[in-house]
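> Please see the structure below; I have some questions.
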Amino acid sequence: MALMADTQRTLSPGPRGVWGWLTTVDHKRIGLLYAVTAALFFFIGGVEALLVRMQLFQPNGEVLSSDAYNQLFTMHGLTMVFLVIMPIAAAFTNYFLPILVGARDVAFPRLNAFSYWLFLFSGLLVYSSFLVGGAPDGAWVGYAPLSTQLEEVVRMDFWTVGLQLLGVASIASSANFIATVFTMRAPGMTMLRMPVFVWMALVVAFLLIFSLPAVGIGLFQLFIDRNFGGLFYAAEAGADPLLWQHLFWVFGHPEVYVLILPAMGIVSEVLPVFSRKPLFGYPFIVFSGAAIGFIGFGVWSHHMFTSGMGPIAEAGFGVATMIIAVPTGVKIFNWIGTTWGGRIRFSTPMLFSLGFIAMFVIGGLSGVTHSVIPADTQQHDTYYVVAHFHYVLFGGAVFGYVAGVYYWFPKWTGRLLDESLGKLHFWLALIGFNLTFGPMHILGLNGQPRRTYRYGENLGWDFWNQIATIGAFIILVSFLVFAWNIISSHFLRRGRPAGRDPWDGRTLEWTIESPPPVHNFDEVPQVHALDEFWHRKYAEDDEGRAVRMPDVTGGAVTVETDSGGDGDAHGDIHMPSPSYYPALASAGLVTMGAGFVYLPWGWLAVGVGAVISMWAFFGWSLEPITREH
Amino acid sequence: MRRRVRRGRCVYPACALALLGVILAGCSGSGPQSSLEPAGPSARDIDGLWRLVLVLATIVFVIVAAGMVVAMVRFRERPGDTREPKQLHGNTALEITWTIIPAVLLAIIAVPTLQQHFELRDEPDGPRLDVTVIGHQWWWEFTYPGLTDAEGAPLTTANELHLPAGQPVYLTMTSVDVIHSFWVPPLNGKRDVVPGRVTNLKLEADASVPSEDFGFGPGVILGQCAEFCGLAHADMRLRVFVHSPADFDAWVERQLAPAAEPTGTGPIATGYQTFELVCTACHQARVAGSGGVERLGQGVTVDVDGESFDAALAPDLTHFGSRTTFGGASFDATRDHLARWLANPSDLKPMAPERNDIAAGRILGMPNLGLTTDEIDGLVELLESWQ
């Protein structure tokens, strides 16, 4: 890929070509790998959504069979959650978390590569199911006993095994990010001087580490039920299938915050830059993010208000769900407070960030209606819920990540994306999004259940379903514009050269070249304040207005560095060596996973995969860590 | 230049108003399966709560959106504007205020929510009609344990639930396979139907419903399974027929009577032979012949939480001719549909009969029985005659 080849030339003195990418342990290149992979899966997941919308365009649609429909909506959900939003968040975190805290890489560079390859191979494993008899078809939540019922079909084993492996990848990268934040911050970068994006990434890492084990256990149980006659979820043997729902949602609800918090972090970076004001109430935003993380573990059963848990438990989870709306609301008000009194530039990153706020407010408010338990018994499992979580995860998270792409693309590639195309993308996306998902509120309240491949006539659903399908194609057009923008700016080299600091930024990534050198910082920066870079460029006058310091021109700022003289000067920088062991270890694990899908003869593949991954882990542990250059 | 901008500003509100008009137009005429047109007290309570939250949420949205718009208009960068903004880092009093206000709003919502919640989950007081609901892939079995025939067999029907208006009904529900969810939006919210568990739901239809037409005939309300349950989840629908009490009693009386065994020759007799020979492997019927009332077919017993539920393998056909739909209330019970169904059920509804295991009581749909045209004609005649 030209994007990769080009970046590599500027970035890295390490091996070139495919081998260079396979063995890279550079957090920036791994970040780009995450981004490109997520973009490809976004395209696939989008096509799945369009097929679903075509099927639902009119009553008794005949575009898809029930079987195909069930596979497509299951894979759409699984793809967008695990193979698009989580990895695009991982892309930003990988690329920018070390730079934003003034580090030269993550704490465990090879573990970082391992996470990426495990994610990629697991995603490919799940998708290979389409070629061998059908994709998972039990919805991304895989409720037992439907998911254990069809034991003679391997489809849902692709799902149990695939999710399990993706979980391993996420836990590994979470541990990595936590260690990076706790141990590798530049001198002076105290916790409360960290950019909000770093804070949100940290909260997300903890959420994943604590929530993934729950669903991991559940997935093992489902796998045993399906393949070895286990009875974990067999009602006829006295088991309670609701246990699965608890284990799934005690992961699944924190997962929602895993998807949205990094986007909130990006928006919290973009708003101050384009308002030329600091973030309003930084501590409030940071602590409300942490509060959302904590309370997020106590609301999972609001996904189960109709399951018959009992009125007392339902009441408790309803109130907890209302409480989590408070820290969420705080963020919204603080964001608006950030723009208030500023000098707002409506560049594309800002447009998407403002779009994020507006759409997320709608999604958040419809979320509050779910905490009203009786109302939720009408809304649950209908298109109203589909509307709600797309307002949170598309109008919210995806808009936030798109804002991040427009914002940081110049840092990745050295070129800006085109502003006119960016604005066209934004308006088409905003209109298409609202046409697609706005009507779904009405459809759900009018009784259309989700996960149904067809509906009858005369139910009053035809009109809004048609609007929704038209809207979905407008979204397609908007993202084609986006793709063209990227191709045109980067591949055709039409993008305006960005320089170091195209937006007059506030944080450390804008102090270094675009794209950054492999070691990020020639000399490790000394940090004195939140928004360190801004304070190097601007002082404040008596009124508190920013005043550009006279000795500063453009983005080329002399960066004050840690003058401690600890031998960390340029020319003596230790960077980790490339290694093929992480990719090999992942390939071994995924080979084992593929074997588990096809038991009993799959035991052979399990054995082969085990040997490969053992070999790789062994080689990895004996390999020297750094080379000098 | 300035003039163009002004005109633009007038156009936006006009567009917004037009859009709002379209949305409101779409909301009216909500349809026969809508939670926005309640036809019973439970659904009406929920609707009231929903409208309260909708109003509050709309107010919050308007305030937030207004804040955003004002900020964007007032503080946008104008050409030649180089004055730097004041570097305001926050305002603790303001931030505490906008933490407390949402908390207060939520408390306002919490009080009626919890009140209504516990009321809705209570069993109905006083006299009530009990109905047992069994969820099957992919149809509903309804049994009225309090309404029995001369032999003591309870009234049983499938996919079409008949209720008296103005009387509390209490559903006791369980599933024989996977999780389903019973949902009739105009009457109440949904409640999952879970294997190995018993769940309950109360339904009550307004006294006026029998004379109201929601689009499918007077007194007919639609519902469907709301928890994804596999291939034919979309076709696991149901209809509720709300009768006046007198009409309901008459319906009960007709349903408790057995079907008649056909006499003589002709298509109906052929059909009956096929029925006895083939259909009763899964379907049940109570048939009155020369030797008295005979119960054809078999069922299974499911024990849940110490309670015993008699469940069928497939819908009871004793009064098939009185039903307006079949196949999970997804197909109008016309002769044409029925003939197509009998020729190959999976042609109409996606099912997985190849995984049936009758001995284990596991049925995932009606298989293609390879019936001849004569047999199909006969069965259609027979089933249509069993009113």
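Those sequence lines, one after another, are chains A and B. Counting in our numbering, the first sequence runs from 1 upward without gaps. Counting in our numbering, the second sequence runs from 630 upward without gaps. Virtual Cβ for every residue (Gly too), placed ideally from N, Cα, C.
1. Is the Cβ of Ile850 (chain B) closer than 8 angstroms to any Cβ of chain A?
2. Note down, in chain order, each residue of its chain lying with its Cβ closer than 6 angstroms to the Cβ of Glu1013 (chain B), except the 5 sequence neighbours on either side.
3. Gly46 (chain A) and His476 (chain A) - do their beta-carbons sit closer together than 8 angstroms?
4. Should Ile729 (chain B) be labelled buried (16 or more other beta-carbon atoms within 10 Å of its own) or exposed?
5. Please state whether DSSP places His425 (chain A) in a helix, a strand or coil.
6. Per DSSP, Gly852 (chain B) forms a beta bridge with which residues?
7. Between Trp727 (chain B) and chain A, is any beta-carbon pair separated by less than 8 angstroms?
8. Could you have a look at Leu492 (chain A) and say whether DSSP puts it in helix, strand or coil?
9. Quick check on the burial criterion: 16 or more other C-beta atoms within 10 angstroms. Buried or exposed for Pro374 (chain A)?
10. Provide the residue span of the alpha helix (DSSP H) that contains Ile675 (chain B), from first to last.
11. Using the beta-carbon of each residue, which ones in chain A are nearer than 8 angstroms to Arg690 (chain B)?
12. Could you run through the stretch 78-98 of chain A and flag, in chain order, every residue whose CB is less than 7 angstroms away from some CB of chain B?
13. Quick check on Thr93 (chain A): buried or exposed, where buried means 16 or more other Cβ atoms within 10 Å of its Cβ?
14. Roughly how many angstroms lie between the CA atoms of Thr721 (chain B) and Gly281 (chain A), to the nearest whole one?
15. Can you list, in chain order, the residues of the stretch 62-75 of chain A whose Cβ is nearer than 8 angstroms to any Cβ on chain B?
16. DSSP state of Phe473 (chain A), grouped into three classes?
17. If you count every other CB in all the chains shown that lies within 10 Å of the CB of Asn997 (chain B), and 16 or more means buried, which is it?
18. Would you please verify whether the beta carbon of Trp159 (chain A) is less than 8 angstroms from any beta carbon of chain E?
19. What span of residues does the alpha helix (DSSP H) with Val319 (chain A) cover, start to end?
20. Cβ closer than 7 angstroms: which chain B residues qualify as neighbours of Pro449 (chain A)?
21. Would Thr377 (chain A) count as contacting chain B if we go by Cβ distances under 8 angstroms?
22. Taking the C-alpha atoms as reference points, what is the distance between Tyr401 (chain A) and Leu589 (chain A)?
23. Tell whether a beta-carbon distance below 8 angstroms holds between Leu971 (chain B) and Tyr901 (chain B).
24. Are any of the Cβ atoms in chain A nearer than 8 angstroms to that of Gly928 (chain B)?
25. Check whether the stretch 91-108 of chain A touches the stretch 872-891 of chain B, counting contact only when three or more Cβ pairs, one atom from each stretch, lie closer than 8 angstroms.
26. Which residues in chain B have a C-beta closer than 8 angstroms to the C-beta of Val326 (chain A)? List them in chain order.
27. Between which residues of its own chain and Arg53 (chain A) is the CB-CB distance below 6 angstroms, once the five residues before and five after are set aside?
28. By Cβ distance below 7 angstroms, which residues in the same chain neighbour Val481 (chain A) in space, the five residues on each side in sequence not counted?
29. Given this structure, state the Cα-to-Cα distance separating Pro254 (chain A) from Ile260 (chain A), to the nearest angstrom.
30. Residues of chain A with a CB under 7 angstroms from the CB of Arg750 (chain B): which are they?
31. So does the stretch 376-386 of chain A actually touch the stretch 756-774 of chain B, counting three or more Cβ pairs closer than 8 angstroms?
32. Among the candidates A:Val161, A:Trp249, A:Ala179, A:Leu100, whose CA atom is the shortest distance from the CA of Pro195 (chain A)?
33. For Lys831 (chain B) and Val798 (chain B), which I take to be in contact (beta-carbon distance under 8 angstroms), what is that distance rounded to the nearest angstrom?
34. Can you have a look at Gly935 (chain B) and say buried or exposed, based on whether 16 or more other CB atoms are within 10 angstroms of its CB?
35. In the structure shown, what three-state DSSP assignment does Met575 (chain A) receive?
36. What first and last residue would you give for the beta strand (DSSP E) that runs through His809 (chain B)?
To lay it out plainly:
1. With 8 angstroms as the cut-off, Ile850 (chain B) does not count as an interface residue toward chain A.
2. Excluding residues up to 5 positions away in sequence, Gly950 lie with their Cβ nearer than 6 angstroms to the Cβ of Glu1013 (chain B) in the same chain.
3. His is not the amino acid found at residue 476 (chain A); the sequence shown has Leu there. Gly46 (chain A) is positioned such that its CB atom lies closer than 8 angstroms to that of Leu476 (chain A).
4. It is exposed - the Cβ of Ile729 (chain B) has fewer than 16 other Cβ atoms within 10 Å.
5. If DSSP states are grouped into helix, strand and coil, His425 (chain A) belongs with the helices.
6. According to DSSP, Gly852 (chain B) bridges with B:Leu867.
7. By this cut-off, Trp727 (chain B) is an interface position.
8. Shown here, Leu492 (chain A) sits in coil according to DSSP, grouped into three states, outside any helix or strand.
9. Pro374 (chain A) is buried by the Cβ-count criterion.
10. Run containing Ile675 (chain B): 670-703, per the alpha helix (DSSP H) assignment.
11. In the sequence under discussion, the amino acid at residue 690 (chain B) is Phe, which differs from the Arg named in the question. Residues of chain A passing the Cβ test: Val361, Ile362, Leu365.
12. From the stretch 78-98 of chain A, no residue has a Cβ closer than 7 angstroms to chain B.
13. That one is buried.
14. Going from the Cα of Thr721 (chain B) to the Cα of Gly281 (chain A) covers about 8 angstroms.
15. Those would be Ser65, Ser66, Asp67, Asn70, in chain order.
16. In the structure shown, Phe473 (chain A) sits in a helix (DSSP, three-state: H, G or I).
17. Flag for Asn997 (chain B) reads exposed.
18. Of the protein chains in this structure, namely A and B, none is chain E.
19. Residues 311-339.
20. Ordered by position in chain B, the residues that pass the 7 angstroms Cβ test against Pro449 (chain A) are Gln853, Ala855.
21. Look at Thr377 (chain A): its C-beta is under 8 angstroms from a C-beta on chain B.
22. Cα to Cα, the separation comes out at about 30 angstroms.
23. Not a contact, by the Cβ cut-off of 8 angstroms.
24. False, the Cβ-Cβ gap to chain A never drops below 8 angstroms.
25. Not touching, per the Cβ criterion.
26. Those within 8 angstroms of Val326 (chain A) in chain B are Thr728, Pro731, Ala732, Leu735.
27. In its chain, beyond the 5 residues on either side, Thr469, Ala472 have a beta carbon closer than 6 angstroms to the beta carbon of Arg53 (chain A).
28. Excluding positions up to five away in sequence, the list reads Leu421, Leu424, His425, Leu428.
29. Those two C-alpha atoms are separated by around 10 angstroms.
30. Correct list: Pro311.
31. Three or more Cβ pairs closer than 8 angstroms define a contact, and the stretch 376-386 of chain A falls short of that threshold against the stretch 756-774 of chain B.
32. Measuring from the Cα of Pro195 (chain A), the nearest candidate turns out to be A:Leu100.
33. Correct: roughly 7 angstroms between the Cβ atoms.
34. Per the 10 Å Cβ criterion, exposed.
35. Met575 (chain A) carries a strand assignment under DSSP once its states are collapsed to helix, strand and coil.
36. Counting along the chain, His809 (chain B) sits inside the beta strand (DSSP E) bounded by residues 809-811.
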